[in-house]
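One structure below.
Numbering (our numbering), first residue to last: 1030 to 1576.
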């Protein structure tokens, strides 16, 4: 969620949420309306088709009833043939006796269907009409399926004759098509076994469905729901050997939306996706692209590239343009100020180096004066005092030399300092003639001048005492400076006879204690058969970081 584009996308989603909810509701409402319309249209188609079928049967019955009353037996064939010409829907008109023997017909009867007895069996004075679907086999001149409608002529309660109208069942195809309403489902006519007689049917298997219907399926309306959630309406016809069925497809809202994308939720969703990517692209190009350039410039500037600027942005928003100009202005001011500070620091560094150099030169002048005074003295104690004073001044001079020769004027490298101090002290104290060896061990960071000067003077006093009293006959002196975190330990160890330490100068000891107090530390003395150690321990003051 830190990405600005993602945040804007979620803001857009929240803004469009009421619209999406409304579109979901509208889509559901329209889906229900559409389904209701399909159901209504399908039922209307079925009722219209059934009405046409009933009208057709009523027409046939009227023709049979009226013809039977005026039929002349001597012109029976001629009258029936003329009647088929007047009513083309009749394939044949047949008049037979009560047992089914043909007396006359509009066309010759070449074969009698197996279902013929059923046609006569159901006739009675109360129900003189009956209709049955026949299938002709072996008669190529006859239609594949026909509807035979019989009218029983009664004399009292005895059947005297039967008038039969044979119609090609295909005539119903036109009736079904004419009755179909736009948006309705499938509609077809079936026989009792569920086999299609006429119409279009490409959904459920009516043969399986017919087995589940009650025996009264031809005497009432039935509404069934199949395993595929499809509604089937079954309606009876005047014929006991056929029924009308219509199916109502039950779509789910998802499939309906796929078929109606511009009136469903998919269009708002597509609009939301388009809006999301539009905001993503606009945010990236109008804001983030400029911010990335500004970020790159600021990082380079922070890393030391003082010439780096944001420069001219391409069509940025006013706020970002102002921010970029302000950054460039700030960078210019910082660069100018840094140049001024750098020049000032260079000037101060030159002055400080010059001060250290002059202090060192002044100390060298003092040393030269002491050397002149040394040559005039004959008293041994005076000469010793001159030499010790000169060594102390020389040590301080070396500190100032180390400062003005180093890269950082604030710090002295102790190893470099000892490498310069030891040879000069060796010469002054005649160490080589006495076969005295000096070793150094330095493990510390460079020291500030205020810290290095007391340490140096402490080492000079301790080294002088060791040469004079500890290893005057020869031996080894070890000078070590160790630092652990902010604790520093300076130790001078010699291998001389410890009994000789009783002659240590009181002035040197006082000076070393004074240097220890100056550093806020403590001087320690350790005597052992192996030698003598004088050490200085103190806590280092917090130093500024080295350049």
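For each residue, glycine too, the CB sits at the ideal point set by N, CA and C.
Does the distance from the CB of residue i to the CB of residue j come in under 9 angstroms?
i            : j            : result
residue 1110 : residue 1150 : no
residue 1197 : residue 1118 : yes
residue 1260 : residue 1277 : yes
residue 1323 : residue 1370 : no
residue 1444 : residue 1485 : no
residue 1190 : residue 1125 : yes
residue 1332 : residue 1367 : no
residue 1483 : residue 1392 : no
residue 1521 : residue 1473 : no
residue 1075 : residue 1273 : yes
residue 1129 : residue 1154 : no
residue 1218 : residue 1082 : yes
residue 1467 : residue 1506 : yes
residue 1086 : residue 1199 : no
residue 1078 : residue 1216 : yes
residue 1458 : residue 1492 : yes
residue 1312 : residue 1037 : yes
Let's test the definition: count the other Cβ atoms within 10 Å of the Cβ of residue i and tell me whether it reaches 16, buried, or not, exposed.
i            : result
residue 1487 : buried
residue 1481 : buried
residue 1120 : buried
residue 1379 : exposed
residue 1301 : buried
residue 1533 : Here residue 1533 scores only 47 on pLDDT, less than 50, and its place in the model is too uncertain to base an answer on.
residue 1046 : exposed
residue 1039 : exposed
residue 1560 : buried
residue 1442 : buried
residue 1116 : exposed
residue 1389 : buried
residue 1051 : exposed
residue 1339 : buried
residue 1429 : buried
residue 1570 : exposed
residue 1058 : exposed
residue 1103 : exposed
Mind checking which residues open and close the beta strand (DSSP E) that includes residue i?
i            : result
residue 1195 : 1187 to 1197
residue 1512 : 1504 to 1513
residue 1217 : 1216 to 1219
residue 1177 : 1174 to 1184
residue 1517 : 1516 to 1523
residue 1260 : 1260 to 1265
residue 1269 : Note, residue 1269: premise wrong, no beta strand (DSSP E); not H, not E.
residue 1228 : 1225 to 1229
residue 1123 : 1119 to 1125
Span of the alpha helix (DSSP H) holding residue i?
i            : result
residue 1457 : 1443 to 1458
residue 1484 : 1478 to 1494
residue 1101 : Unbroken run through residue 1101: none, as it is neither H nor E.
residue 1239 : 1235 to 1240
Could you give the C-beta distance for residue i and residue j, rounded to a whole number, given that I count them as a contact under 8 angstroms?
i            : j            : result
residue 1159 : residue 1179 : 5 angstroms
residue 1469 : residue 1415 : Actually they are not in contact, since the Cβ atoms of residue 1469 and residue 1415 sit about 27 angstroms apart, beyond 8 angstroms.
residue 1195 : residue 1175 : 5 angstroms
residue 1537 : residue 1490 : 5 angstroms
residue 1201 : residue 1227 : 5 angstroms
residue 1041 : residue 1305 : 6 angstroms
residue 1550 : residue 1565 : 6 angstroms
residue 1161 : residue 1270 : 5 angstroms
residue 1223 : residue 1239 : 3 angstroms
Using a Cβ-Cβ cut-off of 9 angstroms, state whether residue i counts as contacting chain C.
i            : result
residue 1524 : Checking the listed chains, one finds no chain C in this structure; it contains a single protein chain.
Please give the ranges of any beta strand (DSSP E) in the segment 1528 to 1570, keeping only runs that are unbroken, at least 3 residues long and fully inside the region.
For the segment 1528 to 1570, whole beta strand (DSSP E) runs of length 3 or above, ordered along the chain, are 1551 to 1557, 1560 to 1568.
Jot down the residue ranges of each uninterrupted alpha helix (DSSP H) in the segment 1331 to 1387, minimum 4 residues, whole runs only, in chain order.
Whole alpha helix (DSSP H) segments, 4+ residues: zero.
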